[in-house]
Structure formats: C-alpha cells, structure tokens
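Single-structure report; data block below.
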Amino acid sequence: MRKKNESLRSSIFETLKNRKKSRAAHGGERTRPEGTLIASYNVHKCVGADRRFDPERISRVIHEIDADVIGLQEADTRFGERTGLLDLHRLERETGLIPVPVAGATKAHGWHGNVVLFKQGTVRDVHQINLPGLEPRGALLAEIELARGGVLRIIAAHLGLLHRSRAQQTRLIAELMSSDNETPTVLLGDLNEWRLGDRSSLNTFQAAFGPLPPAVPSFPSTLPLLALDRIMANRRGLISTVEVHDSPLARVASDHLPIKAVVSLKTLRAETEARAKSA
C-alpha cells in the first residue's frame, strides 16, 4: 500500500510540473506543427468538470486544437434514440471539419457516440463495428485519402469500463488489424484502461501496433492522473509523441483532456506509394 501511495504521489507531482510547463507554453505564441495533426477527445456528452452542459465550450476546445483529423467520443446521447449534441454544421463552417458519414444515423452524429471529423480529403471506406461486452460499445473504422497526400486508416474507439469487456474488445480490434496490417493505421480514442504493464488489456495491441507508446495522463481534466485516452500507430515514425491539449478551457469543458499527435506526411506518402507499387 505504501508503494502504491508513493506512486500516486509522484504522479500528482509530475502532473503539476507538466501543467506549469503547459501554462507557460500557452502564454506564448502558438505554432502550427508541420504534418497532419490528429486528436482524440472524449467530450463527456458536453458536460464539463463543473457539471454544466455546454456544447459551445466543447466546440471552442475543438477550435483550439485545430486538428486535421479528430475522433470524438460521447458526442451523442447514450440512451433511447441517440441524438447528436454538437452543431456540426457550424463546426464545418468555422473549422472546415466534416464528419465521416455513418450509415443509419438519423439524429446521431456518429456510431455509439464515436465521431471522426476531418478537414480535407476523401473517405474511401467506412466500417461500423459493434464491440463485444456488457455495455453497448463501438468502433468506427475510416480510410481517408488525405488531400496533402497519403492514405490513412483511422480506428476510433471507446472501450468498456469492465476489464473483461476491454479484453474482448481489444482482441476483436487486433483481429481486424491482422486481416490487413498493410495500411498505415492510427488507433485513437478513450480506451478506458488505467492499468499499465502486464495487467493492461492494451498489451493485446502489441502484435499490430508494436510496443505501446508512453502513457500520457488525460483524466480527470482538473488533475490528470490516468492515461485513459490513447493514440497509437502501426508504423514506427508515423506519429510524433502524443501530448495532451491542456488549456484553461479544456480543463473545464469535459472530464477528459484532449490528446494529440502529428502524422508524418513523409512516412505516410512513402507507405502509400509502396502499397500502390505492390498492388
């Protein structure tokens, strides 16, 4: 127990130290990173850390991130007829982000609350995946030909709260990857796994995605200690280091902080050209 308390204490100190660095960074000029910026954000049904329902705040955080591709979780109501909670038409007008189309959605934005938005490119393929487990969960698989070059497959997922369900869900996603691991792929979303090391259900992904990248705490947004949100790629060098988007607004807009990384267009184009030649 003492060792566990010391570990928690050190995590809190590390979080506070990183937050101070983030405040300093946000105080200066922001520079847009080169490459394609991807992000993942659990918007918590637009209910903030202050328990206030405010879709406008979520939209403003999405503006701040300025991603080229972003996966959202909990963007729809959960029970009954799912209904989208954001003004996607306004987001498109103001940011250029458009949703990957989802079949059968009338009022909902996405699939089991999962939405993928992208700025420029063409959607080549979409699959809506039901994930096993006690809770209704899903993943959205989208293959996007980016306007800046290269084909990128995005798997946006929201895994279950129960360890047994997560184990089943990670196995299914790993099986999907084993059937086609040739396409440059980024898996992102709220994977709900706080365990690290041998006990983590995410170890199932190592065959497809290689060694898991370092965990980046994103939950709770007011004092992030748990790395529930993840971004990982099936190619070394395809994405940069994963970071949290830690702004004053993001700390209150949802109970999760967004996370983000940059896709190397050079790596992506090389992979796409190699696939085209071997086809």
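Residues in the sequence shown are numbered consecutively from 1, following full-length UniProt numbering. Glycine residues also receive a C-beta, built at the ideal position from the N, C-alpha and C atoms. Just so it is clear, the structure is predicted and the values come from calculations on it, not from any experiment.
For the beta strand (DSSP E) holding residue i, just list the boundary residues, first then last.
{"i": "I129", "result": "G121 to L131"}
{"i": "V43", "result": "Looking at the DSSP string, V43 is not in any beta strand (DSSP E), and its letter there is neither H nor E."}
{"i": "R153", "result": "V151 to H158"}
{"i": "T185", "result": "T185 to D190"}
{"i": "L238", "result": "Note, L238: premise wrong, no beta strand (DSSP E); not H, not E."}
{"i": "A139", "result": "R137 to L146"}
{"i": "L72", "result": "V69 to Q73"}
{"i": "L117", "result": "V115 to F118"}
On a Cα-Cα basis, can you pick out the residue from the options that is closest to residue i?
{"i": "E145", "options": "I154, Y41 and Q128", "result": "I154"}
{"i": "S201", "options": "T183, A174 and S218", "result": "A174"}
{"i": "L226", "options": "P214, L141 and I65", "result": "P214"}
{"i": "V61", "options": "G84, E94 and E34", "result": "E94"}
{"i": "residue 297", "options": "A49, T36, R236 and D198", "result": "Beyond the ends of the chain as shown, which are 1 and 279, falls residue 297; an answer cannot be given."}
{"i": "H63", "options": "D87, R52 and K266", "result": "D87"}
{"i": "R275", "options": "G96, E182 and L141", "result": "E182"}
{"i": "F205", "options": "I239, R51 and L176", "result": "L176"}
Let's test the definition: count the other Cβ atoms within 10 Å of the Cβ of residue i and tell me whether it reaches 16, buried, or not, exposed.
{"i": "P211", "result": "exposed"}
{"i": "Q169", "result": "buried"}
{"i": "F118", "result": "buried"}
{"i": "R78", "result": "exposed"}
{"i": "L161", "result": "exposed"}
{"i": "A25", "result": "Caution is warranted here: a pLDDT of 49 is assigned to A25, below 50, making its placement in the model unreliable, and the coordinate value is therefore given only provisionally. A25 should be labelled exposed."}
{"i": "N234", "result": "buried"}
{"i": "H109", "result": "buried"}
{"i": "H158", "result": "buried"}
{"i": "T106", "result": "exposed"}
{"i": "G84", "result": "buried"}
{"i": "S178", "result": "exposed"}
{"i": "L8", "result": "Bear in mind that the predicted position of L8 carries a pLDDT of just 47, short of 50, making it too unreliable to give a figure here."}
{"i": "D76", "result": "buried"}
{"i": "R57", "result": "buried"}
{"i": "A156", "result": "buried"}
What are the start and end residues of the alpha helix (DSSP H) that includes residue i?
{"i": "F219", "result": "Looking at the DSSP string, F219 is not in any alpha helix (DSSP H), and its letter there is neither H nor E."}
{"i": "K277", "result": "L265 to S278"}
{"i": "F209", "result": "Q206 to F209"}
{"i": "I231", "result": "Run containing I231: none in the alpha helix (DSSP H); it sits in the beta strand (DSSP E), D229 to A233."}
{"i": "V61", "result": "P55 to I65"}
{"i": "V47", "result": "No alpha helix (DSSP H) contains V47, which DSSP labels as neither H nor E."}
{"i": "V252", "result": "A250 to A253"}
{"i": "A167", "result": "H163 to S179"}
{"i": "H89", "result": "L88 to T95"}
Please go through the same chain and pick out, in chain order, the residues whose beta-carbon is closer than 8 Å to the beta-carbon of residue i, but skip the five residues on each side of it.
{"i": "H44", "result": "E74, S254, D255 and H256"}
{"i": "G237", "result": "S264 and T267"}
{"i": "V126", "result": "V100, P101, V102, A103, L140, L141, A142 and E143"}
Could you check the C-alpha separation between residue i and residue j for me, to the nearest Å?
{"i": "G28", "j": "T241", "result": "Here G28 scores only 44 on pLDDT, less than 50, and its place in the model should not be relied on; the value that follows carries that caveat. Cα-Cα distance, rounded: 21 Å."}
{"i": "L91", "j": "S59", "result": "7 Å"}
{"i": "V245", "j": "V216", "result": "Checking the sequence shown, residue 245 turns out to be His, not Val. If I take the Cα positions, the gap works out to 11 Å."}
{"i": "W111", "j": "H163", "result": "22 Å"}
{"i": "E135", "j": "R251", "result": "27 Å"}
{"i": "G35", "j": "G71", "result": "17 Å"}
{"i": "D68", "j": "Q120", "result": "8 Å"}
{"i": "I98", "j": "V123", "result": "11 Å"}
{"i": "R171", "j": "R199", "result": "15 Å"}
{"i": "E81", "j": "I129", "result": "18 Å"}
{"i": "A39", "j": "P248", "result": "18 Å"}
{"i": "L149", "j": "F209", "result": "The residue you asked about is not Leu; residue 149 is Gly in the sequence shown. Each residue's alpha carbon lies about 22 Å from the other."}
{"i": "E243", "j": "K277", "result": "34 Å"}
{"i": "I239", "j": "A207", "result": "18 Å"}
Tell me whether residue i, by its Cβ, gets closer than 7 Å to a heavy atom of the ligand NAP.
{"i": "L187", "result": "Among the components of this structure there are no ligands whatsoever, and the ligand NAP is therefore not found."}
Closer than 6 Å by C-beta to residue i: which residues in its own chain qualify, once you throw out the five before and the five after it? Chain order, please.
{"i": "E271", "result": "P184"}
{"i": "D190", "result": "N42, Q73, H158, L228 and D229"}
Residues in the same chain with beta-carbon distance under 7 Å from residue i, minus the five sequence neighbours each way, listed in chain order, please.
{"i": "R137", "result": "H112, L131, H158, L159, G160 and Q169"}
{"i": "L152", "result": "I144, L146, P184, V186, V263 and L268"}
{"i": "R166", "result": "L159, G160, N192, E193 and S201"}
{"i": "N5", "result": "At N5, the pLDDT of 48 sits below 50, so the modelled position is not reliable; the number obtained from the coordinates is stated separately. Closer than 7 Å at Cβ, skipping near neighbours: no residue."}
{"i": "T222", "result": "A49 and R251"}
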